[in-house]
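Reading through the structure tokens given below for one structure.
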Amino acid sequence: MMQKSITYKEFQTDNATAASKLIDYYEGDQERYVTQMLNGQMGGYGKREDWLDRGYVPRSRNIIKSIIDKSGLLFNKPPVLSIIPLGKTNTVTDQTFDRIMHDSDYLEFFQNVDVYTRLMKSTIVLQQKYIPTEVATVNGQYMFDAQRGDALLLILLHRGNSVVRMDITNNKIIELAYLIPNTNDGDDDDGEDQGDVWYYRVITPTATADYLVKDDKEFLIPGTEQPNQDGFVPANFFYDINKPRAGAWVDSPEDIVSFQEIYNLHLTDTEFAAAWQKQKTLFTDSAIIDTSRVGTMEGMYAGQGHTDGGTVYAPNQTKKSLGGLGRIVSLQPGQGDKPPFIKFDGPDTDLAALDTMMRALVKDLAFDWDVTINSGAEVRASSGFQIVVEEMNNLNLREKRGQSFRAGLRRFYNLTQKLYPELTVGTLWADFAAPSIPVNTMEQEQMWQMRLDGNRSSLVDYFMETQEMTEQEANDKIQAIIEEKKMLAKELPQPIPSTATKLPTPTDTANRGNTSPSSTTG
């Protein structure tokens, strides 16, 4: 029997639930949470009595994704991966490692790692070798063979779908459990939706096995326990900026989740308030006989006097409409000469002021995540200096995240090199592309013209910085421009020499005005 310390109950902790909820919010699964709020199933927060009968409609807008996708991400451009061999200082390229990473679609995978690490603050990358044939060794040692179909499978895990045990240094995973889908039900989900029956897999340095959870009990699935041929758990952590002060996981952020709920409730209430202001409540002291356009439709009404606040009308009545375009409303005549009283009335809320307040809160939250958000009506930065100032927090964040992600990739390569011993022994170095800042093109060109005129920069500097060229590409570009100018100069017609008579050169002041050659008087 496999020896493990992780149990199924650790997938159901408050931290795991909060992490799964954050994932749902980012991926756009929000409407069901809005419905839970309206029903009072979130501790009573956001409860709206009889919301469905009153005309509420759950609404959401993904503020979390808007902020996270702009918050200092690193994989907008592919990084350059190289190896610093053990005992060396210069980097080299390992072609086998490049092939392994390329075949695993590492760029798309690590784009997700980048995003979800920023969102969750900590994630895990699990590596698993895929070998399609039994012949997998050369002289008793496994060797990667792309032609045979060997591949590296990469799996992204987080606190909502995995549990770990760390060694005493808190740097190495020594036991890992993660949710897996039920392969027998034809469902393509990743196992995160825990129903009455769910499954998880455990990896230790000595064995792997799958477990079934049902009726608050777990069972080892027969035939799934296998020895771990690698002898270690091939998984490592990636952290957003900092490792946790204690433990392995960084707690998921609560501010962005709570604000998303505030914003969704605001949208839902705003739509309801706008609809109420457009179609207000009818107040009358007379009975409504009918309201018709084609045929007759009975309208609901309340009798004279006060109506209990808890009065609930039948659904078939609340769905009826009263008045409107082309409709005629018939009222019972008033008593004597008194005309019937009828008035549509309701609250007049300044929805624009509420929307302005909410926009300000969105900007404040985005600022906390080092993101600058401007609406279309707001004045944007008009100069390169202003833009750099606005984006400075994001640039600083990106630098910090780059350092943390390099550390995660170093740990990643250490495990990869153990899985594939033929890889270069050394340290992986990731060179992330410099961020491109939006600039005012005209001002940028004027600035560079001043630099060039003052001999403070060269054309090579210009092309390398503004066009992101290498030094060789910049020199090639300059040479191409020179050759093109020479070619144009040959094709253009030569200027015709001037045949105009040259004006006489003025003489000295004493002779100015004379019309004849000077002579000597005797």
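The number in the numbering used here is simply the position in the sequence shown, starting from 1, with 56 added. Note that beta-carbon positions come from the ideal geometry of N, C-alpha and C, so glycine has one too. For clarity, every value in this text was computed on a predicted model and none was experimentally measured.
In this chain, Val-113 is not harboured by any beta strand (DSSP E), its DSSP state being neither H nor E. Contact fails between the stretch 257-270 and the stretch 156-175, because fewer than three Cβ pairs, one in each stretch, are under 8 Å apart. With fewer than 16 neighbouring CB atoms inside 10 Å of its own CB, Lys-394 falls in the exposed class.
The continuous stretches of alpha helix (DSSP H) do not include Phe-488, and DSSP gives it neither H nor E. Distance between Asp-532 and Asp-170, taken at the CA atoms: about 35 Å.
When the Cα atoms are used, Ser-61 and Ala-74 turn out to be separated by approximately 23 Å.
Sequence-distant Cβ neighbours of Tyr-476 in its own chain, meaning closer than 6 Å and more than five residues away, are Phe-200. Within the model, the alpha-carbon separation for Pro-278 versus Phe-67 is close to 22 Å. In this structure, Pro-114 keeps its C-beta atom at 8 Å or more from the C-beta atom of Val-148.
Asp-401: member of the beta strand (DSSP E) spanning 398-401, first to last residue. According to DSSP, residue pairing for Ile-187 in a beta bridge does not occur.
Rounded to whole angstroms, the gap between the alpha carbons of Arg-301 and Glu-164 is 30 Å.
Excluding five sequence positions before and after Val-516, the CB atoms of its chain that fall closer than 8 Å to its own CB belong to Glu-527, Ala-530, Asn-531 and Ile-534, given in chain order.
Between Phe-468 and Val-181, the CB-CB gap stays under 8 Å. Taking the Cα of Pro-134 as reference, the smallest distance to any Cα among Asn-226, Ala-490, Met-222 and Gly-303 is reached at Ala-490. Across the structure, Val-427 and Gln-502 are spaced so that their CA atoms are roughly 28 Å apart. In this structure Ile-140 does not touch Thr-472 by the C-beta definition: roughly 15 Å separates them, more than the 8 Å allowed. For the options Gln-197, Ile-318 and Lys-474, the alpha carbon positioned closest to that of Lys-103 is the one of Ile-318.
When DSSP states are grouped into helix, strand and coil, Ser-514 belongs to the coil group. Put simply, of Ala-416, Asn-452, Tyr-295 and Asn-132 the residue whose alpha carbon is nearest the alpha carbon of Gly-464 is Tyr-295.
Assigned with DSSP and collapsed to three states, Ala-331 falls in helix. Distance from the CA atom of Leu-479 to the CA atom of Asn-71, rounded to whole angstroms, is 38 Å. Note that the C-beta distance between Pro-261 and Asn-227 is not below 8 Å. Going by beta carbons, Tyr-256 and Tyr-101 fall outside the 8 Å limit. In the three-state reduction of the DSSP assignment, Lys-103 falls in the coil class, being assigned neither a helical nor a strand state. Residues Asp-159 and Tyr-186 of the same chain have their beta carbon placed closer than 6 Å to that of Ala-207, with the five preceding and five following residues left out of the count. Distance from the CA of Pro-290 to the CA of Lys-456, rounded to the nearest whole angstrom, comes to 26 Å. The distance from the Cβ of Arg-462 to that of Ala-486 is about 5 Å, consistent with a contact at the 8 Å cut-off. Every unbroken stretch of the beta strand (DSSP E) spanning 3 or more residues and falling wholly within the stretch 247-286 is given here in chain order: 253-259, 263-270 and 273-276. Trp-504 is the residue among Trp-504, Ala-416 and Ile-259 whose C-alpha sits nearest the C-alpha of Gln-523. Look at Gln-86 here: in three-state DSSP terms it is coil, with no helix or strand label.
Around the beta carbon of Val-219, 16 or more other beta carbons lie within 10 angstroms, which makes this residue buried. Minimum Cα-Cα distance from Leu-232 among the listed residues Glu-190, Thr-179, Met-414 and Ser-122 corresponds to Thr-179. Closest in C-alpha terms to Asp-325, from the list Ile-398, Leu-78 and Glu-105, comes Glu-105.
Distance from the Cα of Met-176 is smallest, within the candidate group Glu-281, Gly-99, Ile-124 and Arg-110, for Ile-124. Annotated as proximal: Pro-396 and Thr-340, with beta-carbon spacing under 8 Å.
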